[in-house]
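Participant: Numbering (my numbering), first residue to last: 18 to 313.
Provided herewith is a single structure, encoded as structure tokens, for subsequent inquiry.
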């Protein structure tokens, strides 16, 4: 397997996956599906647009929105343009958001209509270029407005160059920025792929927000590196997660212990409600699976 040195190598290779579905999003209106070819083309055109906006090497580009195909497109475009993708927690308070935007000196923010009020409340709002990923408010441009077919010379990052910037809370004071380099992230991807956690044809459920390193790497970058499909549920309620797993043909879940516990308890409660026989069959099957796992 070819070893990655930078995320740019991953991004440049996306088009080779062609029509393979990269993102499946369950919504109130049905299912939205996008291909690797679409992701490659749109992220390339948006990277050209970011360069037109003056995004330079190492400059943070903020993402304040829930995960979506447009979010992923903007994230990859920021990295391709030489900037740092800076995922933000949509639930953070106005004071913390203002502190992060000031500390990072981000000039461009990708967001959605739902979070415009959050941005308007911070004193830096007037100097920000705000790009909407879901609509056109009339006051801000849309994602598509910054697509450019005018090819530009994009930076060729080195492994030590920054690729992403995460803000994490400490025990005291405001969140601190932690940059991760191309080499940091590429190494993590190589380790995940070498471990055999995912395989060709897997479909990965992504129920987590992306402002932490783990879900961004395990839930998005790793599936992209392996050419897999990412499945996003309509919401994080138990029924919607189960629906996405079933209808999306999910084989891998990028979750955390709390999520796995909720899924287990939901499944167990359904069997228990079916009576003693159903509960006994479930517990027996679970014990059998544990014994098999212990022997492998």
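The C-beta atom is built at its ideal place from N, Cα and C for all residues, glycine as well.
This structure is a prediction, so every number in the text was calculated from the model and none was measured.
(1) What number of angstroms, rounded off, separates the C-alpha of residue 152 from the C-alpha of residue 161?
(2) From the DSSP output, in three-state form, read off residue 127 for me.
(3) Around the Cβ of residue 184, are there at least 16 other Cβ atoms within 10 angstroms (buried) or fewer (exposed)?
(4) So the beta strand (DSSP E) residue 220 belongs to, where does it begin and stop?
(5) In the DSSP assignment, the beta strand (DSSP E) including residue 248 goes from what residue to what residue?
(6) Taking C-beta to C-beta, are residue 128 and residue 81 nearer than 8 Å?
(7) Between the Cα of residue 51 and the Cα atoms of 234, 38, 216, 58, which residue gives the shortest distance?
(8) Kindly indicate which three-state DSSP category residue 159 falls into: helix, strand or coil?
(9) Is the distance from the Cβ of residue 24 to the Cβ of residue 207 below 8 Å?
(10) Just grab the DSSP bridge partners of residue 9 for me.
(11) Quick check on DSSP: helix, strand or coil for residue 194?
(12) Does the beta-carbon distance from residue 224 to residue 267 come in below 8 Å?
(13) Near residue 92, which residues of its chain fall below 7 Å by C-beta distance, leaving aside the five closest residues on each side in sequence?
(14) Between residue 149 and residue 130, which are expected to be in contact by the criterion C-beta below 8 Å, what is the C-beta distance as a whole number of angstroms?
(15) CB-CB under 8 Å to residue 166, same chain, minus the five flanking residues each way: which ones, in chain order?
(16) By Cβ distance below 6 Å, which residues in the same chain neighbour residue 14 in space, the five residues on each side in sequence not counted?
(17) Helix or strand or just coil, what does DSSP make of residue 293?
(18) May I ask you to report which of helix, strand or coil DSSP gives residue 102?
(19) What is the DSSP secondary structure of residue 183, counted as helix, strand or coil?
(20) How long is the line joining the alpha carbons of residue 234 and residue 205, rounded to whole angstroms?
(21) So residue 94 packs on residue 60, CB below 8 Å; how close in whole Å?
(22) So who's on the other strand from residue 34, going by DSSP bridges?
Facilitator: Quick answer:
(1) 10 Å
(2) Reduced to three states, the DSSP call for residue 127 is strand.
(3) buried
(4) 220-222
(5) 246-249
(6) yes
(7) 38
(8) strand
(9) In this structure, residue 207 does not lie closer than 8 Å to residue 24 by Cβ.
(10) Beyond the ends of the chain as shown, which are 18 and 313, falls residue 9; an answer cannot be given.
(11) Three-state result, residue 194: strand.
(12) no
(13) 80, 102
(14) 7 Å
(15) 62, 65
(16) Limits of the chain in this structure are 18 at one end and 313 at the other, which puts residue 14 out of reach.
(17) helix
(18) strand
(19) The three-state secondary structure of residue 183, taken from DSSP, is strand.
(20) 8 Å
(21) At roughly 5 Å, the Cβ-Cβ gap stays under 8 Å, so residue 94 and residue 60 are in contact.
(22) In DSSP, residue 34 forms no bridge with anything.
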